[in-house]
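Note sheet for the following structure.
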Amino acid sequence: MIVLGFLQGRISCVVHVNPHNQTIVHQDCYPE
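Following this line, the structure appears as structure tokens:
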């Protein structure tokens, strides 16, 4: 499982990616 965190404007996102087929398994976004 690959976990990516990024900041988009004033919203933080955490994305979980399945490394086998590069699909997004789960995405959490929450305001700063």
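Counted from 1, the sequence shown has number 21 at position 30 by the numbering used here; the numbering is strictly sequential. Ideal Cβ placement from N, Cα and C applies to all residues, glycine included. All values derive from a computational prediction rather than experimental measurement.
Determine the DSSP secondary structure at residue i, reduced to helix, strand or coil.
{"i": "Gly0", "result": "coil"}
{"i": "His11", "result": "coil"}
May I ask which residues mark the beginning and end of the beta strand (DSSP E) holding residue i?
{"i": "His17", "result": "14 to 22"}
To the nearest angstrom, how far is it from the Cα of residue i to the Cα of residue j?
{"i": "Asp19", "j": "Asn12", "result": "20 Å"}
{"i": "Val8", "j": "Phe(-3)", "result": "13 Å"}
{"i": "Gly0", "j": "Pro22", "result": "9 Å"}
{"i": "Gly(-8)", "j": "His17", "result": "The sequence shown places Met at residue -8, rather than the Gly named in the question. When rounded, the distance between both Cα atoms is 11 Å."}
{"i": "Ser3", "j": "Pro10", "result": "22 Å"}
{"i": "Val6", "j": "Thr14", "result": "10 Å"}
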